[in-house]
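Below: one structure, written as structure tokens.
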Ligand code: AMP
Ligand code: GLY
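In my numbering, the protein residues as written are 27 to 449.
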């Protein structure tokens, strides 16, 4: 079948790389893609939220499956758009429908879901501008640090963790009354701070059955030692070394199974990835957030460890017989280190030629912000590429990622040299 991957990051390059050689994949398209996907698929110059142009491309190229990388089109209802269109309704979409995508699109919706299905998570209350006084009063009942979350999508920037009560109140005011995060902070979730170790769990579901993919840990801050501004992600390690079989069993029985069951009970159709952000407090896993897609750069460490044909898995999701598939996972550790443009996540320059990619050995380079410029590959975004390597443990794998990076250069290239420092 002809397949379209929507997105342009390292995650989408990884998807394309996984499925390009599958016997189940006919022509492969990526929209809009990057220089990496251009080498293995046909890039289409279409934005991920331009549903009408996506429709035209699907009909023109006889595309039978669309794999949605980022959350935005899912939260805007791309899956529903396909189902409600007579000419598209037989095209499979990997990604939940709009109602279920609210698990990522609204923090309040996610918290209500978690409480309704008795899935462990932090205590919370949510507030609108009219309820700001109640919000201040709720903050006074909590002990620091204070966790404030914009309800809607805020490109990963909508969560504030603040030590001082007065500062927390000021931030609450800015979010609710001064639209600090635009419409996303018209409502704010305030929750109890959980102190523990974070990890991410990735699940595939066809709405009926589920399969758990390897765990991963990402490094979100720009600076070494987890300092500085939040980014889209500076690297990831899979599996997370401290995760025992017992913890996985707890995560499955207390969180994954009730989540999939909850989706069914609430009649929220879901065919796709569920990315569960977890925090482990005294050996007890609790949910911090749901995302309705794979993580980036977690995908670049998780999917290379999946030995089973990813297309076979996607077809099983489409046909709702995921229970009939065995997913084989490599026992190796995979690490991915993200190369970024100097200045990112603030302002940065683009258009710098990237050199040395052809000299990389023993590692995979997944492109993100790259594009072809004549016969050169140049930078076109903040996150430029993710360099993935394997090892028997995370230290060996990281060493290989860093050796590969030493071959690559572009002007003001930056990356974190300390991944795994906390393990
Ligand atoms: P989120 O966008 O919901 O993943 O939140 C961003 C980050 O904020 C998470 O990765 C955690 O590090 C942190 N965080 C969110 N909620 C809490 C909480 N209740 N307690 C402690 N840290 C949190
Ligand atoms: N790496 C975090 C995310 O994809 O949301």
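Just so it is clear, CB atoms sit at the ideal spot from N, CA and C, and this is done for glycine as well.
All of these numbers come straight from a predicted model, not from anything done at the bench.
| Asked | Found |
| --- | --- |
| Three-pair Cβ contact test at 8 Å for the region 380-387 versus the region 297-304 | no |
| Contained beta strand (DSSP E) runs [length at least 3] in the region 71-98, N- to C-terminal order | 89-94 |
| Any heavy atom of the ligand GLY within less than 5 Å of residue CB: hits in chain order | 244, 259, 321 and 322 |
| Three-pair Cβ contact test at 8 Å for the region 43-52 versus the region 68-85 | no |
| Span of the beta strand (DSSP E) around residue 378 | No beta strand (DSSP E) holds residue 378; DSSP gives it neither H nor E. |
| Nearest neighbour of residue 150, chosen from 156, 161 and 143 [CA to CA] | 161 |
| Identity of the residues DSSP links to residue 39 by a beta bridge | Note: residue 39 sits in no beta bridge, so no partner. |
| Residue 194 - containing beta strand (DSSP E), residue span | Note, residue 194: premise wrong, no beta strand (DSSP E); alpha helix (DSSP H) at 191-202. |
| Nearest-angstrom Cα separation, counted from residue 207 out to residue 224 | 25 Å |
| Contact under 7 Å by Cβ, residue 195 with residue 171 | no |
| Residue 427 and residue 325 closer than 7 Å at C-beta | no |
| Segments assigned alpha helix (DSSP H), at least 4 residues, entirely inside the region 126-161 | 133-142 |
| Residue from 53, 348 and 419 whose Cα sits closest to the Cα of residue 91 | 53 |
| Counted within 10 angstroms of its Cβ, other Cβ atoms place residue 438 as buried (16 or more) or exposed | exposed |
| CA nearest to the CA of residue 218, picked from 201, 328 and 305 | 305 |
| Distance between residue 276 and residue 284 (C-alpha atoms, nearest Å) | 11 Å |
| Residue ranges of each alpha helix (DSSP H) within the region 263-326, 4 or longer | 271-276 and 283-291 |
| Residue 324 CB to nearest heavy atom of the ligand AMP below 6 Å | no |
| Rounded C-alpha distance that separates residue 93 from residue 429 | 32 Å |
| Option nearest residue 39 by Cα separation, candidates 65, 244 and 97 | 65 |
| Beta carbon shell of the ligand AMP at less than 5 Å from a heavy atom | 148, 173, 185, 217, 219, 220, 303, 314 and 315 |
| Nearest-angstrom beta carbon gap, residue 414 and residue 389 [assumed within contact, 8 Å] | 6 Å |
| Beta bridge counterpart(s) of residue 415 as assigned by DSSP | 361 |
| Cβ-based neighbour list, residue 335, same chain, cut-off 6 Å, excluding 5 preceding and 5 following | 48 |
| Beta-carbon contacts of residue 33 that lie in its chain and below 7 Å, excluding the five residues immediately before and after | 74, 95 and 96 |
| Backbone secondary structure at residue 208 - three-state DSSP | helix |
| Cβ-based neighbour list, residue 180, same chain, cut-off 6 Å, excluding 5 preceding and 5 following | 207 and 210 |
| Per DSSP, cross-strand counterpart(s) of residue 442 | DSSP lists no partner for residue 442. |
| Distance, residue 261 Cα to residue 333 Cα | 21 Å |
| Which listed residue (376, 409 and 402) has its alpha carbon closest to that of residue 392 | 409 |
| Whole-angstrom C-beta distance between residue 244 and residue 184, which should lie under 8 Å | About 17 Å separates the two Cβ atoms, so there is no contact after all. |
| Range covered by the alpha helix (DSSP H) that runs through residue 62 | 61-64 |
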